[in-house]
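Numbered per this note's numbering, the sequence shown spans residues 530 to 684.
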Amino acid sequence: MKTHSYETRVVWTGNSGSGTSSYRAYSRNHEISAPNKPVLAGSSDPVFRGDPNRYNPEELLVASASACHMLSYLHVCAVNHVNVISYTDTAQGIMQENEDGGGHFTEILLRPAVRISKDSDPALAARLHADAHRNCFIASSVRFPIKAEPQITVE
530 MKTHSYETRV VWTGNSGSGT SSYRAYSRNH EISAPNKPVL AGSSDPVFRG
580 DPNRYNPEEL LVASASACHM LSYLHVCAVN HVNVISYTDT AQGIMQENED
630 GGGHFTEILL RPAVRISKDS DPALAARLHA DAHRNCFIAS SVRFPIKAEP
680 QITVE
């Protein structure tokens, strides 16, 4: 069995001078990086005193699920002779916050808009989303459902 390792670095940049001396004393800003890649500006969700101009972990989780599904879908389309011309997804994640301040995602909904060539089979293109879901590493790793509502159009 093959294994793969992924390394990232998160550095908190939000010490405003007094560290975490109180809940309001610090910024949630941080930087996310990986070797030889651009830095992503991160923060928490604005609801939790984060910077709305930076990515928050919840958005990155939804984006990861969306990108993983897309990459799996493009692969299964290529090997099944479905020619994808364009792919855009507007994904939405739902997180439920608990009374104790914790929480969890209850679902992610993917809404891929896929355009295929006129010589491709739209019914097969629609069915291949199920294969992509089964092959997606992120979908296989989370404990909440990731659903897809694809729209297929022909060139």
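Just so you know, even glycine gets a beta-carbon here, dropped at the ideal spot from N, CA and C.
Euclidean distance between Cα positions of V539 and S562: Here residue 539 corresponds to residue number 10 of the sequence shown, with the count starting at 1. Here residue 562 corresponds to residue number 33 of the sequence shown, with the count starting at 1. So the alpha carbons of these two residues sit roughly 7 angstroms apart.
Run of the beta strand (DSSP E) containing H559, from where it starts to where it stops: Position 30 of the sequence shown, counting from 1, holds the residue named residue 559. Element bounds for H559: H559 to S562.
N-terminal and C-terminal residue of the alpha helix (DSSP H) that H662 is part of: Here residue 662 is taken as the residue at index 133 of the sequence shown, counted from 1. Looking at the DSSP string, the run of the alpha helix (DSSP H) that includes H662 is P651 to N664.
Residue range of the unbroken beta strand (DSSP E) whose run includes M624: Here residue 624 is taken as the residue at index 95 of the sequence shown, counted from 1. Segment Q621 to E626, the beta strand (DSSP E) holding M624.
Nearest neighbour of D648, chosen from N627, G622, D618 and C606 [CA to CA]: By one-based count along the sequence shown, residue 648 stands at place 119. Considering only alpha carbons, the answer is C606.
Inter-residue spacing [alpha-carbon to alpha-carbon] between L589 and C597: Along the sequence shown, one-based indexing puts residue 589 at 60. Along the sequence shown, one-based indexing puts residue 597 at 68. Cα to Cα, the separation comes out at about 12 angstroms.
Proximity below 9 angstroms, CB of G632 to CB of Q621: As a working mapping, residue 632 is identified with position 103 in the sequence shown. As a working mapping, residue 621 is identified with position 92 in the sequence shown. No, these two residues do not count as a Cβ contact at 9 angstroms.
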